[in-house]
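Position one of the sequence shown corresponds to residue 5 (my numbering), numbered consecutively onward.
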Amino acid sequence: MEQRVRVETLDYSGIFLSCYTNDNTTCVHATKDHTLLYLYSGEHVIDDNGQQTIIRPGECAFIRRDHRITMYKNHTEKEQYKGISLTFRRNLLREFYNKLHKSEIPKSVSELHESVFRIKSRPDITSLFQSLTPYFDSKIKPSDEVAKLKLQEGIYCLLNTSKEFFPVLFDFTEPWKIDIIEFMNENYMYELSMEEIASYTGRSLATFKRDFTKISDVPPQKWLIQKRLQVAYEKLKNEDKKVSDVYVEVGFKNLSHFYSAFKKQFGYSPKR
């Protein structure tokens, strides 16, 4: 197992600088805002429900808002991982859109339906992200005004890449509420807080709890544990898997906790 030497992530008003040394990192990305990723060095792999997009140095990826993916940030033999992401919040996009001249807005353009877009190297994109490199090695934090200008520049880069980004970036409709049980059945194995689940299903925490009482007699935390245990039971019974493998697959972090919860629900300990 590789030893983590240094991990650094800095947030400058929606601009995230990430640097990893001698470490391969996996993380779940889920945000309510559109995101533009740029890779300086290393390798960036985006897994969208089994469909992988590999980003090389000098390339970008655009991720739609309200979309959940798994990202792998890998170093190479010669280079550490170094990347950056810009998050475009709705208030910034709305302000940008309101300042556009009507002649700049295409009247008819097809909308992109993918959730992850791989963007090849372009002069304007390279110029934007190279201008941010000094902040990796400097303790100087860009002012909010500078950060805002860079985010606006990022929006222009996307619009110059394809006019199809117009209806994507400037869609200000609220996201539809996602079916709670469907979402939890698909994501029960992940370590998500109630606040995160509420957000991913398009609800405030209070609304999520209220809606959940309409479909379940048990609290959401207990529902998740029961779901994990039921799936674990079926895997152990039908797939002849080891307990040491199953408890991780279904979302438990501690083996002794899994044994205790399993025995409490089924009346006996799982077979090793």
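Ideal Cβ positions, reconstructed from N, Cα and C, are used throughout, including at glycine.
Residue i (DSSP reduced to helix, strand or coil)
| i | result |
| --- | --- |
| V222 | coil |
| K267 | helix |
| D51 | strand |
| I201 | helix |
| I19 | strand |
| Y42 | strand |
| R207 | coil |
| F216 | helix |
| R8 | Since pLDDT at R8 reaches only 40, below the 50 mark, its modelled position is unreliable, and the value read off the structure follows with that caveat. In this structure, R8 counts as coil in the three-state DSSP scheme. |
| Y194 | coil |
| Y272 | coil |
| R68 | coil |
| F169 | helix |
| R122 | strand |
| N78 | strand |
Separation of residue j from residue i, as counted between CA atoms
| i | j | result |
| --- | --- | --- |
| E47 | E115 | 29 Å |
| G87 | L136 | 11 Å |
| E63 | K124 | 5 Å |
| P146 | F140 | 11 Å |
| T39 | T91 | 5 Å |
| F20 | D51 | 20 Å |
| K103 | L132 | 21 Å |
| Y263 | S208 | 34 Å |
| R232 | K246 | 15 Å |
| R8 | D183 | Note on R8: pLDDT 40, under 50, position unreliable in the model; the coordinate value appears next. Approximately 39 Å, taken between the alpha carbons. |
| F270 | P61 | 51 Å |
Residue i, enclosing beta strand (DSSP E) - first and last residue
| i | result |
| --- | --- |
| Q156 | That residue, Q156, is in no beta strand (DSSP E); its alpha helix (DSSP H) goes 148 to 165. |
| L90 | 85 to 92 |
| V113 | Counting along the chain, V113 falls outside any beta strand (DSSP E), and DSSP gives it neither H nor E. |
| I144 | Run containing I144: none; DSSP gives neither H nor E here. |
Buried versus exposed, by CB contacts within 10 Å (16 or more), residue i
| i | result |
| --- | --- |
| S203 | buried |
| T217 | exposed |
| I109 | exposed |
| A239 | Looking at the sequence shown, residue 239 is not Ala but Lys. Result: buried. |
| H79 | buried |
| F176 | exposed |
Contacts around residue i, its chain only, beta-carbon distance under 8 Å, and the 5 residues preceding and following it disregarded
| i | result |
| --- | --- |
| K154 | I19, L90, L132, S135, L136, P146 |
| G158 | L40, L90, F92, L132 |
| K257 | E195 |
| T130 | G62 |
Boundaries of the alpha helix (DSSP H) in which residue i is found, first to last residue
| i | result |
| --- | --- |
| F187 | 184 to 191 |
Proximal residues to residue i (C-beta, below 7 Å), its chain only, five neighbours per side dropped
| i | result |
| --- | --- |
| K267 | S273 |
| T165 | I123, R126 |
Residues near residue i by beta carbon distance below 6 Å, same chain, minus five either side
| i | result |
| --- | --- |
| Y42 | C64, I88, F133 |
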